[in-house]
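Count along the sequence shown from 1, add 20, and you get the number used in the working numbering.
Ideal Cβ placement from N, Cα and C applies to all residues, glycine included.
For clarity, every value in this text was computed on a predicted model and none was experimentally measured.
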Amino acid sequence: MNTEPDNLIGTLLASMAPDELADMASYGTRREVGHGEVILREGGILEELSVIETGHAEVTVTGPGGDQQIIATLGPGDAIGEMGLLAGSPASATVRASGAVVLLTYRREDIERILALHPSVERALGRVVIQRLSRTQRRLAGHQARLVHVIEGPATAGQVPALAASAAWHARRPVLALVPGGTDGPNDLIARFSGQTLAPCGIVMAVSSTVLEALPKLAADLAGQFAAVIALVPSSSAGGPVDVTFADLPSLVPAREEAAAVEAGLLAPASPYGLAMGRAGRAAIGRRVGVAFGSGSARGFAHAGVMDVLLENGVPVDAVSGTSIGAAAAALVALGRDGDAILEVLERAGQLVVKPWLSRSSLFSPRHLARYFQEQVGDQRLEALPIPIGLVASDLDSGEEVVFHRGLLRAAVMASIAIPGVYPPQHVGGRRLIDGAFVNPVPADVVGRLGAEVVIAVKLATRARERVDLVALPTSGKLPWAPQAILRSVDIMSNAVSRALPAHGAIVIEPTFAGAGGSLTDFRKGGARFRAEGRRAAEAALPALRAQLPWLTPVR
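Okay, here's the thing in structure tokens:
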């Protein structure tokens, strides 16, 4: 590993003997993080210390207008999460992998063991914190604008102004779009915009070919001026810190009133064209929104309340994932259904969940439920849905997590809700699959891998005290109904698993339920009370959402 002075490993381990270095490495746990995945989100507390072994990550902070400002790039040897570990303080920045990253992660107890063996580590950690704060302050004043390349192709020249207008509307900051055909060079642009106070709109400039060669440096030189610099370039010229191609830019023609908005540099997502261009605009500023719907049996009615609040407050869904009943909710959202439709479908499905079946494989038959889902979604395929989707199931034989991105939507949903003992395992793709809650009850990581930069995780598992001291003396009492005992066991397990899983930097919406709730009989009682709890929890999360999504705050 690198051992330069401004590097955690260099600072932390420089004074340690070879045997002490080996001892330090033995306490860490290696894990891989995919490109674009959030390692730590601003405002979250990650009570572990991670060190980058290979790869790089981008550090951003939320500016006064809600925009994300790039303040640092971390590489091999740099630390993540030291403030949460040492002081229990919320993270002051978001850290996102800018490629494949391998982390060496230490839990609090690991660090305590290391400190007990090597007291010098404590002093080194203090120096790391001081260096990190100093480096952050130095870079806050000069963050780099996000650089986006749009690959030149049919009709893209006319779409770049609309993309810039959409990006600026979402960022609430100006966005610069560069198209070929002009005479201005890099110095002309810097002279034109440096020190200027610009309106939060899309600004389109025709520039010379020399600008393409200087794009990364140009974005840095225009630091603080723009939320993004969008450049229309030939495919051979693409490159730089962020390279996004919009092959799927909407081919729709904007209505007359929207054409005027595009010309003015501000396109709100209110019409079919605005909605279609909205996702591209959010991608340009790194603000695509993904929602992960968790497991929770009848408490899944709460997902309808969550969607009520998101839609009412202008929170879009650019990607979606789900586990168990959350898979059903995710499927409906991907089909464009709102909270009313989600509640209606889940309530009707709730009338079909308890159908006795004389079988060795399960207590109830899934046939009526499967038939109803087929009526609702037909032969829709996951890969053809308007919103990218990932549904989670568990492999009964291997214990692996199975994520569906392709194939029949109804088959993926039925596999994800197959609670062992209650419903039979589903045969899909040559595997025997059961409820996804066993491996990933709140699939925030799945929606992150679908491209979402802002992840909303809806967690429905009921909370329980982690430890109770009890005298072991037999007592008597009423035994639970077998299906209810199974469901409650899955719920307890899901809650434990969701606590152990990495947070993936998600904004967590966690309804609180009076009593355990979520039994099979609760399906028949309707979902109004659970929907209300989902609404309350989502409303409580609105301040966190507004901090991440600038367009939720009205333009002043």
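Whose C-alpha, out of the options, is nearest the C-alpha of residue i?
i	options	result
T80	L209, V459, A188 and I100	I100
P408	R452, S341 and G456	S341
F313	V337, E332 and R307	V337
H76	A117, I59 and H323	A117
Q394	E367, R299 and A432	A432
F424	G398, V442 and D455	D455
L269	A284, A279, G334 and V180	V180
A296	A182, A247, G95 and L198	A182
D208	V231, G325 and L196	V231
T532	V448, V326 and V353	V326
D130	R276, V335 and S70	S70
R357	P406, V224 and Y392	P406
G334	I529, E278, N460 and A288	A288
G316	I210, G306, E332 and I345	I345
P463	G450, V448, R451 and L480	L480
P444	R387, R319, L331 and E78	R387
V58	R469, A318, L429 and E530	R469
P461	A303, M225, T343 and Q216	T343
A354	D465, A404 and D399	A404
Can you find the residues in the same chain that come closer than 6 angstroms, C-beta to C-beta, to residue i, ignoring five residues on each side of it along the sequence?
i	result
V245	Reading off the sequence, residue 245 comes out as Gln, not Val. Cβ neighbours of Q245 beyond the five flanking positions: F213.
P220	A188, R192, R193 and P194
L562	none
Q568	V474
I476	V311 and I527
A564	I527
A347	L411, V433 and S436
L521	Only weak support is given to the placement of L521: the predicted model assigns it a pLDDT of 46, under 50, and the value that follows is read from those uncertain coordinates. Contacts found: none.
A505	Caution is warranted here: a pLDDT of 49 is assigned to A505, below 50, making its placement in the model unreliable, and the coordinate value is therefore given only provisionally. Correct list: empty, nothing qualifies.
On the DSSP bridge list, what partners appear for residue i?
i	result
L252	V170
A424	As written in the sequence, residue 424 is Phe, which differs from the Ala given in the question. L411.
A117	A77
L60	V115
H55	None, per the DSSP bridge assignment.
Y126	L69
V199	A226
H447	R452
I362	Answer is none; I362 lacks a bridge partner.
T93	E78
R50	L124
R401	L428
Since I believe residue j is in contact with residue i (beta carbons under 8 angstroms), could you give me their beta-carbon distance rounded to a whole number of angstroms?
i	j	result
S229	P206	The Cβ separation is near 11 angstroms, so there is no contact.
Y47	R166	Wrong, their Cβ atoms sit about 37 angstroms apart, outside the cutoff.
E73	L124	5 angstroms
G301	S414	No, G301 and S414 are not in contact; Cβ-Cβ is about 37 angstroms, not under 8 angstroms.
R308	A339	7 angstroms
G119	H55	5 angstroms
V227	D204	5 angstroms
A457	Q446	That belief does not hold up - the Cβ atoms of A457 and Q446 are roughly 14 angstroms apart, past 8 angstroms.
Which residues in the same chain as residue i place their Cβ atom closer than 8 angstroms to its Cβ, once the five residues preceding and following it in sequence are excluded?
i	result
E559	V329
R551	F321, A322, A324, G325, D328, G359 and L363
R391	none
I'd like the list of long-range same chain contacts for residue i, defined as Cβ closer than 7 angstroms, with 5 residues on each side in sequence excluded.
i	result
V122	R50, E52, E73, T74 and G75
G427	R401 and L402
A472	R308, V309, G310, D338 and A339
Y293	P270, L272, P274, A275 and E278
S291	A275 and E278
G554	A322, H323, A324, G325, V326 and P531
V467	G310, V311, A312, A339, V340, S341, G410 and V475
V282	P181, A182, A185 and P274
E78	I90, T93, R116 and S118
- Item | Continuous beta strand (DSSP E) assignments of at least 3 residues falling wholly in the segment 308-356 | 309-313 and 339-343
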